[in-house]
Structures are given as C-alpha cells and as structure tokens.
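First the structure, in the form of structure tokens, and then the observations on it.
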Amino acid sequence: MAMKKYWLILFIGIFLPVFAGENLRVPDIRALGMGGNGVTLSSVFNPALLECSSYRRVRLDYFNRYALKELGTLNGSIQYPNRFLSTALYLSSFGYDQYRQNRGRIGLAKRLSRHWAVGIGFQYTWIQSELYAETPARLSTDLGVVYTPVDKLLIGFVVNDLPSVRIVFKDMEIKELNTYEIQAGFNYKIMNGLLITAFVSWNEANRIKGGLGMEFRVWERFSLRTGVQTAPFLPSLGTGFHWKWFGIDAVALWHPVLGVSSGVGLSYSF
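When the letters of the sequence shown are read in order and numbered with the working numbering, they come out as residues 1328 to 1597.
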C-alpha cells in the first residue's frame, strides 16, 4: 500500500496537472464532450451562465482519469436562476484518502440587459494531504461576462481564481494553489439541433490551450457530441439523454499516451 501511495503521488506530479484549480474545476460532462469549453457551457467556470438558464437544477458529475479511481473528480451543484439574483452552490473533490483537493463555491449572476449578463464566484479551496502538517487553503474569485448579440450566438469571457489569497502556508509556495486562468469562447447554433463551440485560454503558468466541439440533437431527447482540446491533445465523444425533468450525460476522452478517461453526469431540473 505504501508503494502504491507514493506511485500515485509521483503520477500526479509528472503526468497530470497538479494545480487544484485544474483538478477541481472540471467542466460538466456535456461540456467535456464538446472539447471542454467551460466559459460558454459550464457555470462551474463562468458564473454569468446562470442567467442563461430558466430552470432550477440539481447536478452531479463524476469524471475519472485513465481508469484510476484515485484520480477521480466528483462535482455537485444546485443552481437557482431567478430574476433578482441567480445563485448556485458547488462542492468538488479530487483525489484519494492520502491526498485530496476540495473546493466549496458560490456563484452569483445578474442580467444587465437583454444582451449582457455578469457573474461572480467565490471559492474556498483546501488540500488534505500527508505531505503537509497543516491544511493549505486559498480564497479566490471568478469574474465572468456573457454577451448574446443575436439569439443564435453566445460569447463568453471569464477570469478564474483572480484575485486570490492563501489562508495557510502564507510564506511557502504551494504549487497546487498557485494558478489563475483567463478564458474566452463562443457558442453558435448553425441550425435547429446543431451547435458548434470553441474556446481559448491562458493561465498563470503561461500555458495556452483551446478547444473545438459540436453537438447534434439526433431527436428531441437524444444528442451526440464530439470535440477536441489541446494541451494535452484530447479528442472526445459524448452523448446526452433527457426525459422529462431528468438528464444523463456520458463522455470519453482519449489521451495518446495515458489512454481513456470517462465521465457521467446526472441532473434533475425543476
């Protein structure tokens, strides 16, 4: 067991992004199927998107990296859009017993006009690990904007985890807590049932990545999705099925070296 524990820590450090923001802030399963575009498809990234939904929703997403249960991310959320101040609560967890990243988050959004909406998110991130005698933690903020110049086009912009402040280990560089990201993207409905989406992002580590995807509604309750994202190169394939107030989404992503990652999402709208 000890050898397995140290091997997993080594695996996370070498092959995976070690930043808590990247492990915890995973787009919902629908967005992952379309190239991972969070800025215009997932309120986990852009709180302004809360104003683009007319349904209250409870959602649970699980994303597993490379068929290793220790590298799974579980996200839960409750979204309550309303005409006064749309609100959402989120809880996320990544890792295993000896190393776990956690985040609690609240998102708020307000529509300024028919074309513009803004949002702000506040999150508390902490790490439970045998590597640290204490529990390193951070408070950070998200700022997002959504612009819809016409009905078929949505443009989004967001700054994630900036500004931020460390709560513990103020005099030490904890690399898992040192990152922010800027994203911009769009969704465009080419025709009824066909949506294309794309995004580009830049983070504190000077890493640029992007993604492109599409969703085709085969019939009223069933959709097919595909996409690709860079850094690393990850083609994706996803599906979605919705019946009355219930929805289920699934996705598979392929890494050319490490293999397949998969995820499933469940939602209930009311």
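Cβ atoms here follow ideal geometry from the backbone N, Cα and C, with glycine treated the same way.
Treat the numbers as computed from the prediction; the structure is a model and nothing was measured.
- DSSP lists T1566, V1591 as the beta-bridge partner residues of A1577.
- Less than 8 Å separates the beta-carbon of S1594 from that of G1574.
- Under the DSSP definition of a beta bridge, M1518 partners with L1521.
- Annotation: A1579 to R1552 spans about 10 Å, alpha carbon to alpha carbon.
- For the pair of segments examined, the region 1361-1368 was found not to touch the region 1427-1438: the number of CB pairs separated by less than 8 Å stays below three.
- Fewer than three pairs of CB atoms, one per stretch, sit closer than 8 Å, so the region 1393-1408 makes no contact with the region 1458-1470.
- Residue Y1423 holds the alpha-carbon nearest to the alpha-carbon of Q1455 among V1485, S1596, Y1423, L1481.
- The straight-line gap separating the alpha-carbon atoms of L1398 and D1388 is approximately 14 Å.
- For V1492, the number of other beta carbons within 10 angstroms of its own is below 16, and it is reported as exposed.
- Excluding sequence positions up to five before and after T1462, its CB lies within less than 7 Å of the CB of W1453, I1454, Q1455, V1495, all in the same chain and listed in chain order.
- Rounded to whole angstroms, S1440 and A1415 show a C-alpha spacing of 21 Å.
- The shortest C-alpha to C-alpha distance from P1476 to any of W1443, V1353, V1385 is the one to W1443.
- Boundaries of the beta strand (DSSP E) around R1552: 1549-1556.
- The beta carbon of V1486 sits closer than 6 Å to the beta carbons of L1470, I1509 from its chain, once the five residues preceding and following it are set aside; these are given in chain order.
- Where A1444 is concerned, the enclosing beta strand (DSSP E) starts and stops at 1443-1456.
- Under the DSSP assignment, I1405 falls in the beta strand (DSSP E) whose first and last residues are 1399-1407.
- Sixteen is the threshold: since fewer than 16 other Cβ atoms of the shown chains lie within 10 Å of the Cβ of E1457, the residue is exposed.
- With a cutoff of 8 Å on beta-carbon distance, T1557 and G1537 are scored as near each other.
- DSSP places A1436 in the strand class (E or B) of the three-state scheme.
- As DSSP reads the structure, V1371 sits in no beta bridge.
- When rounded, the separation of the alpha-carbon atoms in S1563 and V1555 is 6 Å.
- Within its own chain, the residues whose Cβ lies closer than 8 Å to the Cβ of R1534, once the five positions on either side in sequence are excluded, are A1558, listed in chain order.
- Counting only the Cα atoms, V1353 lies some 12 Å from Y1417.
- Pairing R1548 with F1526 gives a Cβ-Cβ distance that is not under 8 Å.
- If you check the CB distance, G1434 and L1377 come in under 8 Å.
- Close CB contacts of P1374 within its chain, under the 7 Å cut and outside five residues either way in sequence, are with G1434, L1435, A1436, G1446, I1447, G1448, D1469, G1471 (chain order).
- Sequence-distant partners of L1521 (beyond 5 residues in either direction) whose C-beta falls short of 8 Å from its own C-beta, in its chain, are M1541, E1542, F1543, R1544.
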